[in-house]
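J.:
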Amino acid sequence: MALATIEGTQVHVDDEGFLTDYDEWSEDLAQVLAARIGIGLTEPHWKAIRFLREDFKQHGETATIRRITTVGGIPTKDLFTLFPKQPAKKMAYIAGLPKPRGCV
Amino acid sequence: MKRLVILGGGTAGTMAANRLRRRLHPDEWKITVVDKSEIHNYQPGHLFIPFGIYGPQDVVKPRRRFIPDGVDLVFGEIARVVPEENRVLLADDRQLPYDYLIIATGTSPRPDQTPGMVDGEWHKSVHEFYTLEGATALAERLADWDGGRMLVHIVDMPIKCPVAPLEFTFLADSFFAERGIRDRVDLTLVTPLEGAFTKPVASKHLGSILEHRGVGIEGDFVVERIDPERKMVISYDERELPFDLLVTVPLHMGADYLAASGLGDDLNYVPVDKHTLLSRAHDNIFAIGDASDIPTSKAGSVAHFSMELFEDNFVNHVRGRAMTRPFDGHANCFIESGNGKGLLIDFNYDTEPLPGKYPLPGIGPFSLLRETEANHWGKMMFRWVYWNLLLPGKPMPLEPLMSMAGKEAEALT
């Protein structure tokens, strides 16, 4: 775990640059993080990001793609269009949440 | 007379029945366990069946044998819980009123949830090993399989015993090598996660273990459907993976009656407080074992470690006192790695698996995140421990909360 400075704000991040403190995230920060992985955030992106933030607050775990689809109401195909190649990982990165978990 | 109803007589439900019968006076509390099956399966043993290491007879015993005297065991299908009326309805119209309810009906593989999975090729070229029936069918298939492209596939997380697909892959590698056909098997692990290992320290220690065995990895693979005619697994981002033999871990879900009762989330898991296992919606309902939504592994070890704390918390709660023993998500899993060796991991909500020794710091006998023969023997001995110590709720020399003693914390830096 290390400190990184993003747009003048100090945040805690892990080895891969994922934020490790839920409360250090902001929507401005999300724009910067998204730009770093080549994504410009539009309203459909925000719908997914906001769902992930809210769901994590309630359950303490990053939602799976299936959960974003069944509970968040965003079709899986759309997630692959909005966040190409690795939607689960990219959404978690932008939303300032841990990567979807394996156990090892 | 107060009534406690426990739904499910598997690992968690049986432990709870044994422990709570000793804690709640029989003159004051009637305890009832409900299960649909008269057979108790030793589920960790299912992994060994496809390779002929265990047979079906090695993993089953009568459920009644593990339910203590003084507890009623009711066999029946649960139709619904009516929380507003404190009542359980069975499919045959029997009713079980309760004062307190413990939900312990676990989680089950649901092949019906992936289009194409149960069509045509089910138990022919498409298999699973989580059920006794599935593991037995796969054993028959593997006995005369002479090679080809084999995929070990995970539909989605969470699954029961999340290391089992890895163990299956390791055991398959050894099995084919022993039969002299390893060079004719193209073995690939297909996962919705970014790789086989996602936690940094475990990745560093185990990252190359599959590569060394010539196992390919297809990561970030979110399955959309299976095409049984073309024998392809197809992802949402339109990757197509051909197979001769597909060993899949289907989507896992909690029991359907929980959805019908309004007690489950989108996967039928019961939302609970992760430290006390008390339902977030009802003050007289708990969910233990795999049935809850706590963010740790769905595994027997979690059911076991949480149980000692749960027992005290439950007794305090029904007496109107505070629940003072918070659970930390402690999990501990042997990972069979083939060739008579195994790994062990130990972790909780906040701490990822680290190298070290377990349970005695510096001594072991088990080694964390390292392949040893002792770990393998620990796994094989565990079946005896399960039937004779764990289910009856007898004392074991293991602390319920995870400890940093014996772990190499410097691995984190």
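The listed protein sequences correspond, in order, to chains U and W. Note that the first sequence covers residues 1 to 104 in the numbering used here. Note that the second sequence covers residues 1001 to 1413 in the numbering used here. Backbone N, C-alpha and C define an ideal beta-carbon position, used for all residues, glycine too.
Is W:P1083 close to chain U, meaning its C-beta is less than 9 Å from at least one C-beta of that chain?
T.: By one-based count along the second sequence, residue 1083 of chain W stands at place 83. False, the Cβ-Cβ gap to chain U never drops below 9 Å.
J.: Secondary structure at W:E1371, three-state DSSP: helix, strand or coil?
T.: Locating residue 1371 of chain W in the second sequence gives position 371, counting from the first residue. Coil, per DSSP.
J.: Which same chain residues end up closer than 8 Å to W:M1232 when comparing Cβ atoms and leaving out the 5 residues on each side of it in sequence?
T.: In the second sequence, counting from the first residue as 1, residue 1232 of chain W sits at position 232. Closer than 8 Å at the Cβ level, and outside the excluded window around W:M1232, lie I1226, E1240, L1241, P1242 and F1243.
J.: Quickly, what does DSSP pair W:S1279 with across the bridge? List them, please.
T.: If you number the second sequence from 1, residue 1279 of chain W lands on position 279. Looking at the DSSP assignment, W:S1279 forms a beta bridge with W:V1272.
J.: Does the CB of W:P1222 have a neighbour CB from chain U at under 9 Å?
T.: Working through the second sequence from its first residue, we reach residue 1222 of chain W at position 222. The question names Pro, yet the displayed sequence has Val at residue 1222 of chain W. Answer yes: the Cβ-Cβ gap between W:V1222 and chain U drops below 9 Å somewhere.
J.: Please identify, using Cβ separations under 7 Å, the residues of the stretch 1182-1201 of chain W that lie next to chain U, in order along the chain.
T.: Here the close residues are L1193, E1194, F1197, T1198, K1199 and P1200.
J.: Going by C-alpha distance, which of W:L1047, W:H1153, W:M1157 and W:F1066 is nearest U:C103?
T.: Here residue 103 of chain U is taken as the residue at index 103 of the first sequence, counted from 1. When each option's Cα is compared against that of U:C103, the closest is W:M1157.
J.: Are W:R1325 and W:G1045 touching if we call contact CB-CB under 9 Å?
T.: Here the question's residue 1325 of chain W lines up with position 325 in the second sequence. Here the question's residue 1045 of chain W lines up with position 45 in the second sequence. For W:R1325 and W:G1045, no; Cβs fall outside 9 Å.
J.: Check the Cβ-Cβ distances between U:H59 and every residue of chain W, and say whether any is below 9 Å.
T.: Translated into positions along the first sequence, residue 59 of chain U becomes position 59. With 9 Å as the cut-off, U:H59 counts as an interface residue toward chain W.
J.: Specify whether the stretch 1292-1308 of chain W and the stretch 1384-1403 of chain W touch according to this definition: at least 3 beta carbon pairs, one from each stretch, less than 8 Å apart.
T.: yes
J.: Using CA atoms only, rank isn't needed, just tell me which of W:G1148, W:G1106 and W:W1145 is closest to W:Y1130.
T.: Residue numbering aside, residue 1130 of chain W sits at position 130 when the second sequence is read from its first letter. The option with the nearest alpha carbon to W:Y1130 is W:G1106.
J.: Looking at C-alpha atoms only, which residue of W:V1034, W:D1035, W:D1027 and W:K1124 is the closest neighbour of W:T1248?
T.: As a first step, residue 1248 of chain W must be located in the second sequence, where it is residue number 248. Comparing Cα positions, the closest option is W:K1124.
J.: How about the stretch 1282-1295 of chain W and the stretch 1006-1018 of chain W: do they share at least three Cβ pairs that are nearer than 8 Å?
T.: Per the Cβ contact rule, the stretch 1282-1295 of chain W is in contact with the stretch 1006-1018 of chain W (3 or more Cβ pairs under 8 Å).
J.: Would you give the residue range spanned by the beta strand (DSSP E) that W:H1025 belongs to?
T.: Position 25 of the second sequence, counted from the first residue, corresponds to residue 1025 of chain W. Segment: none, W:H1025 is in no beta strand (DSSP E) and carries neither H nor E.
J.: If you drop the 5 nearest sequence neighbours on each side, which residues of the same chain put their C-beta closer than 7 Å to that of W:A1137?
T.: On the second sequence, position 137 is the one that residue 1137 of chain W refers to. Result list for W:A1137: H1123 and H1127, in chain order.
J.: Which class does W:V1222 belong to by DSSP, given the choice of helix, strand or coil?
T.: As a position in the second sequence, residue 1222 of chain W is number 222, starting the count at 1. Looking at W:V1222 - three-state DSSP - the assignment turns out to be coil, as it is neither helix nor strand.
J.: Decide if U:H45 is buried, meaning its Cβ has at least 16 other Cβ atoms within 10 Å, or exposed.
T.: Position 45 of the first sequence, counted from the start, is the residue given in the question as residue 45 of chain U. By the 10 Å Cβ count, U:H45 comes out buried.
J.: Step through the CB atoms of chain U and report whether any lies within less than 9 Å of the CB of W:F1347.
T.: For the purposes of this step, residue 1347 of chain W is identified with residue 347 of the second sequence, where counting begins at 1. W:F1347 counts as touching chain U.
J.: Return helix, strand or coil for W:V1385, following the three-state DSSP convention.
T.: Counted from its first residue, the second sequence places residue 1385 of chain W at position 385. Helix at W:V1385.
J.: Find out if the Cβ-Cβ distance for the pair U:E24, U:V11 is shorter than 9 Å.
T.: Within the first sequence, residue 24 of chain U is the residue found at index 24, counting from 1. Within the first sequence, residue 11 of chain U is the residue found at index 11, counting from 1. Yes. Within cutoff.
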